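Some notes on the structure that comes next.
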Amino acid sequence: MAKKKSPHKTAKPSRGNQQQQEQQRRWYQNRYLISFILLSLVVGVIYVIYLDIKITSRFQGSLWSLPSHVYARPLELFEGKQLSARAFEDELIVLGYKKVDGIPARAGQYRQWQGRHFELITREFHFWDGLQQGQSLRIDFANGQIYGLYELYSHKALSLVRLEPVRIAGIYPTQQEDRQLIKLKDVPNYLVLALLAVEDRRFYQHWGVDPRSIARALVANLSAGGTVQGGSTLTQQLVKNLFLSSERSLWRKLNEAIMAMLLEIHYDKALILETYINEVYLGQDGAKGIHGFSLASYFYFGKHLNQLSHDQIALLVGLVKGASWYDPRRHPERALNRRNQVLLQMSEQGVLTDNQYVQLKDRPLNIAEKATHSGNRYPAFVDLVKKQLHKDYDEEDLRSEGLRIFTTLDPLIQNAAENSVTTVLPQLEQSHPQAKILQTSMVVLSPENGEIQALIGDRDPDFPGYNRATDAIRQVGSLIKPGIYLAALQHPDRYHLATMLDDSPLRLQGGDGRIWEPENYDKEFKGNIPLYRALVESRNVPTVRLGMDVGLADIVQTLKKLGIERRVPPYPSMTLGAFDLSLIEVAAMYQTLAARGFNIPLRAIREVTTSEGEPLQRYPLKLEQTLDSQAVHLINYALHQVTQEGTARSLKHQLNLQVAGKTGTSDDFRDSWFAGFSDDRLAVVWVGRDDNQSTGLTGASGALRLWTHLMANIPARDLQLDMPEAVVKQWIDPETGGSTDKGCSGAVELPFLTGSGPTQRAECKSRTLMERLKGFFD
Amino acid sequence: MQITNINGKVKRLFRLKQSLSLVCCCLALASCALPKQAVGPYTTETVTLSPAMQKLLEQSDQSINAQNWTQAVAILERALRINPKQAEAWSRMAVVYLGKNQPEQSINMAKRSNSYASRNPTLESYNWLLMSRAYDQLNQPQLAEQALLRSQQLQQDIH
Chain A
393 MAKKKSPHKT AKPSRGNQQQ QEQQRRWYQN RYLISFILLS LVVGVIYVIY
443 LDIKITSRFQ GSLWSLPSHV YARPLELFEG KQLSARAFED ELIVLGYKKV
493 DGIPARAGQY RQWQGRHFEL ITREFHFWDG LQQGQSLRID FANGQIYGLY
543 ELYSHKALSL VRLEPVRIAG IYPTQQEDRQ LIKLKDVPNY LVLALLAVED
593 RRFYQHWGVD PRSIARALVA NLSAGGTVQG GSTLTQQLVK NLFLSSERSL
643 WRKLNEAIMA MLLEIHYDKA LILETYINEV YLGQDGAKGI HGFSLASYFY
693 FGKHLNQLSH DQIALLVGLV KGASWYDPRR HPERALNRRN QVLLQMSEQG
743 VLTDNQYVQL KDRPLNIAEK ATHSGNRYPA FVDLVKKQLH KDYDEEDLRS
793 EGLRIFTTLD PLIQNAAENS VTTVLPQLEQ SHPQAKILQT SMVVLSPENG
843 EIQALIGDRD PDFPGYNRAT DAIRQVGSLI KPGIYLAALQ HPDRYHLATM
893 LDDSPLRLQG GDGRIWEPEN YDKEFKGNIP LYRALVESRN VPTVRLGMDV
943 GLADIVQTLK KLGIERRVPP YPSMTLGAFD LSLIEVAAMY QTLAARGFNI
993 PLRAIREVTT SEGEPLQRYP LKLEQTLDSQ AVHLINYALH QVTQEGTARS
1043 LKHQLNLQVA GKTGTSDDFR DSWFAGFSDD RLAVVWVGRD DNQSTGLTGA
1093 SGALRLWTHL MANIPARDLQ LDMPEAVVKQ WIDPETGGST DKGCSGAVEL
1143 PFLTGSGPTQ RAECKSRTLM ERLKGFFD
Chain B
5 MQITNINGKV KRLFRLKQSL SLVCCCLALA SCALPKQAVG PYTTETVTLS
55 PAMQKLLEQS DQSINAQNWT QAVAILERAL RINPKQAEAW SRMAVVYLGK
105 NQPEQSINMA KRSNSYASRN PTLESYNWLL MSRAYDQLNQ PQLAEQALLR
155 SQQLQQDIH
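Written out as structure tokens, the structure reads:
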């Protein structure tokens, strides 16, 4: 039975279908929407997770690339130290100490009276061997030395104090950011209060974003018709500085807000604040950005953050808004206005009392004239330090790990060396017009420990270019002669200081058949001459004869023992220094002589620590006795005579100091050298031209003048020629080299190894009247 | 004038005290580092140390006793910057390098000490003893024996 179709039934389904279709359509539409929303949510969540990872990974790792800091030696103070009051004050000035009229009240202040009494408070400093607290001191000077060292208030005598070292350079990250990290606990509370009062009053209440601040800023900006106030919290500013660009877009603001909230979820307020204080950009020093309040404090005021007055802190806080715009050195008026705005806000916030505000707003800016933390000083020395560091550290680590490198540089000696160069070199150019533009290099070191105290690599000591002290290889000339004579004196059975050498014309034929006829500087020949006189007068011909007699291989071996590592060609001409060495290599050779046969590798670095002060590495003093002290003593005796009656005899009258040394002049006066030492200082000077043309200067008329000027201006002790064991003195006749007596004409007293002196007696002639008179006055 | 004399006496007494404490330190070092029968009395009546040097040598002795060799070297280097000819500081360097098992450096430091200890045969003897131990470490018994003999000879000369 067939069923009838109901018309309603046919009509109803059609309406139902429509509804169903409509519902389906809506459902599909909603489904797309929901899917879109869900998808967006997923993408959003993933993006937030991405941002979260970005933040946490940065905070868990090293937040910044920290530059390495290079320090000079710390100045040691103790009773009896050779140090003038003037030099001491120079050191304090370089360290950024402030001279005050009253009793010093803060670290980094000093008072001086009567030119020789000092009161000061030192700064604390983390040395390689631990933290040294600041100390209140009184120091008295007399006769160029410290004669009293006390605690300022108790007057208790102190045995030894060391000042914090001068920072001489930084090895900067490639992005040229410089900063000094500071812990929040070490930040003056006043700075925190000022910063929060000006930049983020509700820092401790918000979650990274502060709607109230945004609303307040919006109202302020709308009513002003422009941007006059920012609504960003410190957290947002930190996020922007660390992770985002300064682009002004809604997307950046959104990212900033999300990341600020994430930062607040992960880290406490103290860490965020500490990071901000170390991160914020506060100025520009040439190519380097000055980041963080700690470094900015040194950059603008030359002192530690804790030493700043309230108005100085206000200025630094004011710079957060725009370090370039309010730069106090370039735009002092703007900076003053900005500082006073900050002071006003601090007063409004109750950080300052009204009285304080009134007093502080009238103060001048008190900016340090020169940025004490500015560019690298002493480029030649720092170059040497880097070369030594590169043997142990990667370039990247040096630029990013904030290493603290303690070096051997003595700024007082370095400054004296620079002064000698800038004073004497122009005089040489004036007196020797053919010299044209002279160049120079110079090194000063302590012969007893090999520490390099000063290094100059260019006539402009601040020029950070070619380092002639380490990289220029020049002919050494007669500087090498002590090595030749030392090789001979190591055979006491064959040679002593009175051995007669032949100073007559000499012809030598080389393996290639070429003839070499060495000449003396004065083009004359003296016949027979005692060995020591040949060295004192720097005679070439007897030196070549002696060298050939001793043997070139023997000489090369002796030069190695003296510390010359470079291969020296075993040709006869090498006995006259016809080969090239660097200034540092010459210094290494003379160090072994000055240290009586102990070879000590030269050092520019003492220690390296991490940025936190944890010891990383020491470069310890090492030594090796490579030569008998007796033979070296004989050479040193002769080198002393060089400065009394030889090629450097001008020293006898121009320098009130007993020294030993040797001049050196290369062919055609291309190189002028002097190497010499006192008891505690060794200095080598080279003068020449970069194009290797003649200067017209001998060692005595060029380098020696610089050397003399330098040694006259640095503290140094007289050379002590203490005779070692098994050395005795004996009177000889210099005409014949025979043994004689004190009262005989021309007799000189020379040191000899026991039993090695001349046995043959010389005829004793009576002394002339002149000799007697001279003997009386001597 | 009277005051000056009294001050002079006080200073002399103070110096004597310093010398005695140095003697004690060196004896302690010797007894730690070396066989007792080989070490003679260590007298340094001719040595006058400045307060700065005294302080640093005391600090170095503490580091040596604690076998903190790196610290000891750093302190002794500081002492030698103040007075590079202080034979006692060089001698302690020799002790440190012996402790660090670096006998070559120990020998060099002892030689350096002797180059400044010509008026102090006791210290010279002590340094030869250190060298003897260092040669032992280097497995050079002949040189060790020679150094020991030299040390004993100096001791006999003193007595």
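Residue numbers (this note's numbering), protein chains in the order written: chain A, 393 to 1170; chain B, 5 to 163. Positions of the beta carbon are idealized from the N, C-alpha and C atoms, including for glycine. Please read these numbers as outputs of a predicted model, since none were measured by experiment.
Please tell me whether residue i has its Cβ less than 8 Å away from any Cβ of chain B.
{"i": "ARG1041(A)", "result": "no"}
{"i": "SER546(A)", "result": "no"}
{"i": "ARG480(A)", "result": "Per the sequence shown, the amino acid found at residue 480(A) is Phe instead of Arg. Chain B contact via Cβ: absent."}
{"i": "ASP1072(A)", "result": "yes"}
{"i": "LEU1015(A)", "result": "yes"}
{"i": "ARG1149(A)", "result": "The residue you asked about is not Arg; residue 1149(A) is Gly in the sequence shown. GLY1149(A) does not count as touching chain B."}
{"i": "ARG1153(A)", "result": "no"}
{"i": "GLY472(A)", "result": "yes"}
{"i": "LEU556(A)", "result": "Rather than Leu, the amino acid found at residue 556(A) in this sequence is Glu. No, its Cβ sits nowhere closer than 8 Å to a Cβ of chain B."}
{"i": "ASP802(A)", "result": "no"}
{"i": "ARG1081(A)", "result": "no"}
{"i": "LEU552(A)", "result": "yes"}
{"i": "ARG796(A)", "result": "no"}
{"i": "PRO1143(A)", "result": "no"}
{"i": "PRO1012(A)", "result": "yes"}
{"i": "SER1021(A)", "result": "yes"}
Under the DSSP definition of a beta bridge, which residues are partnered with residue i?
{"i": "GLY1136(A)", "result": "Rather than Gly, the amino acid found at residue 1136(A) in this sequence is Cys. DSSP lists SER1158(A) as partners of CYS1136(A)."}
{"i": "GLU793(A)", "result": "LEU458(A)"}
{"i": "LEU523(A)", "result": "HIS518(A)"}
{"i": "GLU569(A)", "result": "GLY681(A)"}
{"i": "TYR463(A)", "result": "ARG559(A), PHE798(A)"}
{"i": "PHE1069(A)", "result": "ALA1052(A), LEU1074(A)"}
{"i": "TRP1191(A)", "result": "Examination of residue 1191(A) is not possible in this model, given that chain A is present from 393 through 1170 alone."}
{"i": "GLN542(A)", "result": "It is worth fixing the name first, because residue 542(A) is Tyr in this sequence and not Gln. Answer is ARG530(A), ALA549(A)."}
{"i": "GLU468(A)", "result": "ARG554(A)"}
{"i": "GLU821(A)", "result": "Looking at the DSSP assignment, GLU821(A) forms no beta bridge with any residue, so it has no partner."}
{"i": "PRO894(A)", "result": "At residue 894(A) the sequence reads Asp, which differs from the Pro that was named. Per DSSP, ASN920(A)."}
How close, in whole Å, do the beta carbons of residue i and residue j come, if the pair is a contact with beta carbons under 8 Å?
{"i": "HIS696(A)", "j": "GLY500(A)", "result": "7 Å"}
{"i": "ARG1062(A)", "j": "GLN867(A)", "result": "7 Å"}
{"i": "PRO1007(A)", "j": "SER792(A)", "result": "The Cβ separation is near 19 Å, so there is no contact."}
{"i": "ILE574(A)", "j": "SER686(A)", "result": "4 Å"}
{"i": "SER117(B)", "j": "LEU102(B)", "result": "Not confirmed; about 12 Å, so no contact."}
{"i": "GLY600(A)", "j": "LEU655(A)", "result": "6 Å"}
{"i": "ASP775(A)", "j": "ASN859(A)", "result": "5 Å"}
Would residue i count as contacting chain A if we go by Cβ distances under 8 Å?
{"i": "GLN150(B)", "result": "no"}
{"i": "GLU92(B)", "result": "no"}
{"i": "ALA56(B)", "result": "yes"}
{"i": "ILE10(B)", "result": "Model confidence at ILE10(B) stands at a pLDDT of 34, short of 50, so the residue's coordinates are unreliable; what they give is reported in the following sentence. No, ILE10(B) does not count as interfacial toward chain A."}
{"i": "LEU53(B)", "result": "no"}
{"i": "THR50(B)", "result": "With a pLDDT of 48 at THR50(B), under the threshold of 50, the predicted position of this residue should be treated as unreliable, and no value is reported."}
{"i": "LEU60(B)", "result": "yes"}
*Could you tell me which uninterrupted alpha helix (DSSP H) segments, each at least 4 residues in length, are contained entirely in the region 896-942 of chain A, listed from first to last along the chain?*
Taking only runs of at least 4 residues, the alpha helix (DSSP H) segments lying wholly in the region 896-942 of chain A are 923-928, 932-942.
*Which of the residues in the region 102-131 of chain B, read from start to end, lie with their CB under 7 Å from any CB of chain A?*
Taking 7 Å as the cut-off between beta carbons, the residues of the region 102-131 of chain B near chain A are GLN109, ASN112, LYS115, ARG116, SER119, SER122, in sequence order.
*Just list the alpha helix (DSSP H) runs in the region 936-1017 of chain A, keeping only unbroken ones of 4 residues or longer that don't cross its boundaries, in chain order.*
Secondary structure remark: continuous alpha helix (DSSP H) runs of at least 4 residues inside the region 936-1017 of chain A, in chain order: 944-953, 975-986.
_Residues in the region 814-843 of chain A having any Cβ partner in chain B nearer than 8 Å_ = Residues of the region 814-843 of chain A with a C-beta atom less than 8 Å from some C-beta of chain B are SER838, GLU840, ASN841, GLU843, listed in chain order.
*asked:* So if I threshold CB-CB distances at 8 Å, which residues from the region 68-91 of chain B count as touching chain A?
replied: Within the region 68-91 of chain B, the residues whose Cβ lies closer than 8 Å to some Cβ of chain A are THR74, GLN75, VAL77, ALA78, ILE79, GLU81, ARG82, LEU84, ARG85, ILE86, PRO88, LYS89, listed in chain order.
*Taking a Cβ distance cut-off of 8 Å, strictly less, list which residues of the region 977-1005 of chain A are near chain B, in chain order.*
In summary, the residues of the region 977-1005 of chain A whose CB is separated from some CB of chain B by less than 8 Å are ARG988, PHE990, ARG998, GLU999, in the order they occur in the chain.
*Name the residues in the region 452-471 of chain A whose C-beta lies less than 8 Å from a C-beta of chain B; which are they?*
Within the region 452-471 of chain A, the residues whose Cβ lies closer than 8 Å to some Cβ of chain B are GLU468, PHE470, GLU471, listed in chain order.
*Taking the runs of the alpha helix (DSSP H) that are 4 residues or longer, which of them lie wholly in the region 88-141 of chain B?*
List check, alpha helix (DSSP H) in window: 91-103, 107-119, 125-141.
*Please list the residues of the region 1106-1139 of chain A that have a C-beta atom closer than 8 Å to any C-beta atom in chain B, keeping them in chain order.*
Against chain B - using a Cβ distance shorter than 8 Å - the residues of the region 1106-1139 of chain A are ASP1114, PRO1116, GLU1117.
_At a CB distance below 7 Å, what residues from the region 518-547 of chain A approach chain B? Give them in sequence order._
Those would be TRP520, ASP521, in chain order.
*asked:* Please give the ranges of any alpha helix (DSSP H) in the region 634-672 of chain A, keeping only runs that are unbroken, at least 4 residues long and fully inside the region.
replied: Whole alpha helix (DSSP H) segments, 4+ residues: 642-658, 661-671.
_Secondary structure, beta strand (DSSP E): runs of 3+ residues fully inside the region 410-452 of chain A_ = You should have found no qualifying run.
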